[in-house]
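Residue numbers (my numbering): 329 to 637.
These notes concern the structure reproduced below.
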Amino acid sequence: MVSEVVVVEGIVKKYGGVVAVDNVSFRVYRGEVFSLLGPNGAGKTTTVEILECLRTPTSGDAFVKGLSVKNPGDSMKIKQIIGVLPQDFKAIDNLTVFENVQLAAVAKKADNIQEVLDSLGLWEIRKQMFSKLSGGLKRRVGIAMALVGNPEIVFLDEPTTGFDPEARRETWLYIKNIQKSGATVILTTHYMEEAERLSDRVAVMVRGRIAVEGRVRELVAKYGGRTRLVFDFLEPEAAQLLREGGYLVEQTEEGLVVIKVEKESEVFDVVALLRSGGFMAYPQVRQPGLEDVFLSVIGSRLSETGELI
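As structure tokens, this is what we get:
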């Protein structure tokens, strides 16, 4: 049986009259990647900061490896077994990559600096000044500082915010390697693809509450809807032929023509029907994903900048 390493029980966090986290509960199991997915201001960072013992819940409790975040004695023990990349990560500009990671290692009484830098592709640039690095490399140094000491649980708060697509995908590989090393990863993100690619389980968080939580494939099966066949262009006569064939044909704001089908293999029936009418058109097959789950459950989409649209 897979053991629980984090148990969150009805935590609430208030700032005056503002409720940032509202009766949130979930569990995280050893060795998985668990993501809190949601827009800016959803309460994701506040939730993980409670688990990191940086904030105290107004009510409710949370346990990391059985240790209560509300117990001052336990909080010191929790900090010894976790690694943290904060959303607002900063390091010392006039120190090298190695020196910054070394500071974290000294604080944790760790001796695996080279191993960590190697695993993140940073060993070759260990002598470069932190101030000279790109934004993506700076965040990667932050991950290295979180990993020294081989923490059992690693918190990554919006690890790829502001990255270009190539840097983001490269960082995903490093995050999967953290999981392969045996660590549990708790991730916050507003990127749908990031959550879908990396996560074993996801909790969708909006306005301080968890709207839905579960395994990615189970959420997609339950809330994702049907497979879509997408045409960049379809002549009106071809669209009418499909309607007469029993298909619901929709047009998006971007001008794409979309047909929803029960299974991917129906693409052959659609293409055959079009050919019978003298039309040569081939759609892209788009399987439902977390974006469809989010739209179905929340009624909105997430922008690239983390806003509800």
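C-beta atoms are modelled at their ideal positions from N, C-alpha and C, and glycine is treated no differently.
- Ranked by how close their Cα comes to the Cα of residue 558, the residues 624, 502 and 594 have 594 in first place.
- Contact between residue 516 and residue 376 is confirmed by a C-beta separation of about 6 Å, below the 8 Å threshold.
- Around the beta-carbon of residue 383, 16 or more other beta-carbon atoms lie within 10 Å, marking it buried.
- Assignment of beta-bridge partners to residue 578 by DSSP yields 586.
- In the three-state scheme derived from DSSP, where H, G and I count as helix and E and B as strand, residue 351 is classed as strand.
- The beta strand (DSSP E) runs lying completely inside the region 496-577 and spanning 3 residues or more are 512-517, 529-534, 537-543 and 555-559, given in chain order.
- A straight-line Cα-Cα distance of about 7 Å links residue 475 and residue 482.
- Here DSSP, grouped into helix, strand and coil, assigns residue 601 to helix.
- A straight line joining the alpha-carbon of residue 560 with that of residue 543 spans about 32 Å.
- Apart from the 5 residues on each side of it in sequence, residue 334 sits with its Cβ closer than 6 Å to the Cβ of 356 and 392 in its chain, given in chain order.
- The count of Cβ pairs closer than 8 Å, one atom from the region 430-444 and one from the region 455-468, stays below three, leaving the stretches out of contact.
- Using a Cβ distance threshold of 8 Å, residue 547 and residue 621 count as a contacting pair.
- Short of 8 Å from the beta carbon of residue 397, and not among the five residues preceding or following it, lie these beta carbons of its own chain, in chain order: 378, 379, 381, 384, 385, 389, 390, 391, 403 and 406.
- The beta carbons of residue 562 and residue 609 sit about 6 Å from each other, so the pair counts as a contact at 8 Å.
- In the DSSP assignment, residue 613 falls within the unbroken beta strand (DSSP E) covering 612-614.
- A residue is called buried once 16 or more other Cβ atoms fall within 10 Å of its Cβ, and residue 531 is buried on that count.
- In the structure shown, residue 406 adopts helical secondary structure according to DSSP, grouped into three states.
- Between the region 337-355 and the region 486-504 there are fewer than three C-beta pairs closer than 8 Å, too few to call the two in contact.
- Annotation: residue 575 to residue 619 spans about 23 Å, alpha carbon to alpha carbon.
- DSSP, reduced to helix, strand and coil, places residue 476 outside both helices and strands of the structure shown, so it counts as coil.
- With the rule of 3 Cβ pairs closer than 8 Å, the region 532-542 does not count as touching the region 579-599.
- Taking the CA atoms as reference points, residue 577 sits about 55 Å from residue 425.
- Contact annotation: the region 408-415 touches the region 482-496, with at least three C-beta pairs closer than 8 Å.
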